[in-house]
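Working notes, beginning with the structure itself.
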Amino acid sequence: MLNKITVKAGLLALLSLLTVLLIMVSIIGVNAINQGSRSLHTLNQILGEELGSLANSSNLTLRARTAASLAVRQREVGQIAVADATVGRIYGYLAQSQREMATFVGVGTVTERGKTLSERLQASYRAYQEQGVRPMADAIKAGQIDEYYRIQETRISKLSIAFENDLSEFRRFAMETGQLQVREAQGNASTKIALIVAAGILSVLLAVLAWFALRLIILRPLDASIAELEHIANGDLTRKIRGEGDTEMGRLIRAMQRMQQSLVMSVSKVRDASSQIDVGSRELAAGNVHLAQRTEESAASLEETAASMEQLTSTVKMNAENAEQANQLALSVSDVADRGSDVVSQVKDKMLAITDSSRRIADIISVMDGIAFQTNILALNAAVEAARAGEQGRGFAVVAGEVRSLAQRSAQSAKEIKGLIEASQERVQEGEQMAESAAQTMNGIADEVGRVTALMREISAATREQSSGIEQVNLAVAQMDQVAQQNAALVEESAAATRSLEEQAQSLAQSMAAFKL
1453 MLNKITVKAG LLALLSLLTV LLIMVSIIGV NAINQGSRSL HTLNQILGEE LGSLANSSNL
1513 TLRARTAASL AVRQREVGQI AVADATVGRI YGYLAQSQRE MATFVGVGTV TERGKTLSER
1573 LQASYRAYQE QGVRPMADAI KAGQIDEYYR IQETRISKLS IAFENDLSEF RRFAMETGQL
1633 QVREAQGNAS TKIALIVAAG ILSVLLAVLA WFALRLIILR PLDASIAELE HIANGDLTRK
1693 IRGEGDTEMG RLIRAMQRMQ QSLVMSVSKV RDASSQIDVG SRELAAGNVH LAQRTEESAA
1753 SLEETAASME QLTSTVKMNA ENAEQANQLA LSVSDVADRG SDVVSQVKDK MLAITDSSRR
1813 IADIISVMDG IAFQTNILAL NAAVEAARAG EQGRGFAVVA GEVRSLAQRS AQSAKEIKGL
1873 IEASQERVQE GEQMAESAAQ TMNGIADEVG RVTALMREIS AATREQSSGI EQVNLAVAQM
1933 DQVAQQNAAL VEESAAATRS LEEQAQSLAQ SMAAFKL
């Protein structure tokens, strides 16, 4: 029966019972406290407030009567002023007495007999005050001493006795009520104590029952589970874990069964894997040895390649420097060719200017030749006219002859100068043609030099790029060399790790051998 009760349900039921008992004990305790509080309040109301107010009111009334007797004696001896002061205190006592009685009335009682006794006491008090003590004080105040003695002899004693009797009866009622409240409180306390003791005993019984139930439901299966787990911890996986029921402990045992089965499978797999790891680690160790040899050979080849690349880098750098110098020379030649072309252009312009000047000189010589011819004609005409004039024209004829002679020589000189100028023009034209040819040649040279300069610039740029590329290749080869060296170190580390893996595989195999499947 108990094997079918789950731990959750058992604990919930136990906690529920304990909670109910705790609530019951709490309710009983709170009820006992409330009843005790009410009893104490009733006792305080009866003994403290009601009887205290009545005692104060009775004492104040008695003091008023005593003060009245004193005031009468003071008037009889002629102390009128002192007697009036004493009468004033009488009224004060009466007022205080009435306030105390009002306090008593304000407290009130809860029983019918108490209300009846209270009303009777209030009536006798009013009669005692209004028909006895206050009229005595009024008579003393008015100086009616005979009236005072008459009231004292005829009424005050009866009124006082009636009030004292009612007061005594109410006091007995109050004491009886207080004793009744005490007895009721004691009875209630005894009942509550008995209930609390019964609840405590029931709690102890429930605790004992819960202990046996928990022992059967939890502790026994838990001890059995611990014993099985100790066998598993010692490597014994051959024992079969037994468990029944649908409780939490039953599910725990079934989970342990599944765990044992999974552990058996895992150990079997680990054994197989450790064997494979051992074989693989040995093969890996052998492969690492061959890899180390090939890595060392690769590192040596890379070192030789790095040395060759360094030489090639130096050669390419020298070619780059030579190409740069050739580029600079080509630029210088291009500048010289440009300047030569400019000079040839200037010579051509000068030759053209000389040709224009020769043409103008030829034109001037032509004009001079014409003037000489005309002068010769005029001289000839002058000689003819001088011959006609005869003896008178002889001097003029001589002058005309000289002028004709000069005109002929001028014409002859102009012809010679014209011939020289024509020859000079031919040579200037030849020089102009040569300057034009030289200008074309210089322009062609400048163009070729420009193309050579551009080609040298491209060669220089290509050489620089080639040098940069070779430097990058050299750097890559150096890095490959470093990587090869690092790979060699890693191969050594891998070999060490492989040896460690082999040792760990052997250790794992030894550890797995401790399990019994």
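Position one of the sequence shown corresponds to residue 1453 (our numbering), numbered consecutively onward. Think of the CB as a built atom: it goes at the ideal place given N, C-alpha and C, for glycine as much as any other residue.
Problem - Burial state of L1467 (16 or more Cβ within 10 Å) - result: Label assigned to L1467: exposed.
Handout entry: Spatial distance of G1500 from L1647 (CA atoms)
Key = Caution applies to G1500, whose pLDDT of 47 falls short of 50 and renders its modelled position unreliable; the model cannot decide the point.
Practice task
Closer than 6 Å by C-beta to L1469: which residues in its own chain qualify, once you throw out the five before and the five after it? Chain order, please.
Solution key: Contacts found: L1658.
Exercise for the section: Please confirm whether R1861 and A1831 have their CB atoms less than 8 Å apart. Expected result: No, these two residues do not count as a Cβ contact at 8 Å.
Handout entry: Endpoints, alpha helix (DSSP H) assigned at G1652
Key = Taken as a continuous stretch (DSSP letters only), the alpha helix (DSSP H) holding G1652 covers S1609 to L1666.
Handout entry: Q1574 - containing alpha helix (DSSP H), residue span
Key = In the DSSP assignment, Q1574 falls within the unbroken alpha helix (DSSP H) covering E1564 to A1579.
Practice task
Select from A1641, I1684 and M1886 the residue whose C-alpha is nearest the C-alpha of S1797.
Solution key: It is M1886.
Exercise for the section: Leaving out five residues on either side along the sequence, give the residues of the same chain with a beta carbon under 6 Å from the beta carbon of T1441. Expected result: One cannot answer for residue 1441 here, as it falls past the ends of the chain, which runs 1453 to 1969.
Problem - Alpha carbon of L1986 to alpha carbon of E1502, nearest angstrom - result: Because the chain here runs from 1453 to 1969, residue 1986 falls outside it and cannot be looked at.
Handout entry: Extent of the continuous alpha helix (DSSP H) run through L1681
Key = Here the alpha helix (DSSP H) through L1681 covers R1672 to A1685.
Handout entry: Continuous beta strand (DSSP E) assignments of at least 3 residues falling wholly in the stretch 1823-1872
Key = Counting whole runs of 3 or more residues, the stretch 1823-1872 contains no beta strand (DSSP E) stretch at all.
Exercise for the section: Give the single residue among L1858, K1593, L1715 and R1903 whose Cα lies nearest to the Cα of Q1826. Expected result: Measuring C-alpha to C-alpha distances from Q1826 to each of L1858, K1593, L1715 and R1903 identifies L1858 as the nearest.
Practice task
Taking only the alpha-carbon atoms, compute the straight-line gap between E1582 and R1624 and give it to the nearest angstrom.
Solution key: Their Cα atoms are separated by approximately 26 Å.
Handout entry: Nearest-angstrom Cα separation, counted from T1757 out to T1905
Key = Pairing T1905 with T1757, the inter-Cα distance amounts to about 36 Å.
Exercise for the section: Measure the CB-CB distance between Q1712 and L1689 and report whether it falls below 8 Å. Expected result: It is a contact, given that the beta carbons lie within the stated cut-off.
Handout entry: Simplified DSSP state of V1529, which is helix, strand or coil
Key = Secondary structure at V1529: coil, using DSSP grouped into helix, strand and coil.
Problem - Residue span of the alpha helix (DSSP H) that contains I1603, given as start and end - result: Counted as a single uninterrupted DSSP element, the alpha helix (DSSP H) harbouring I1603 occupies residues I1597 to I1603.
Exercise for the section: Give the single residue among V1649, D1536 and E1621 whose Cα lies nearest to the Cα of S1594. Expected result: The question names Ser, yet the displayed sequence has Ala at residue 1594. Of the candidates V1649, D1536 and E1621, the one whose C-alpha sits nearest the C-alpha of A1594 is D1536.
Exercise for the section: Measure the alpha-carbon distance for S1609 versus V1477 and round it to whole angstroms. Expected result: C-alpha separation (whole angstroms): 59 Å.
Problem - Pairwise C-alpha distance: Q1763 and T1915 - result: When rounded, the distance between both Cα atoms is 16 Å.
Exercise for the section: Just the C-alpha distance for I1645 and L1473, rounded to the nearest angstrom, thanks. Expected result: Cα to Cα, I1645 sits roughly 14 Å from L1473.
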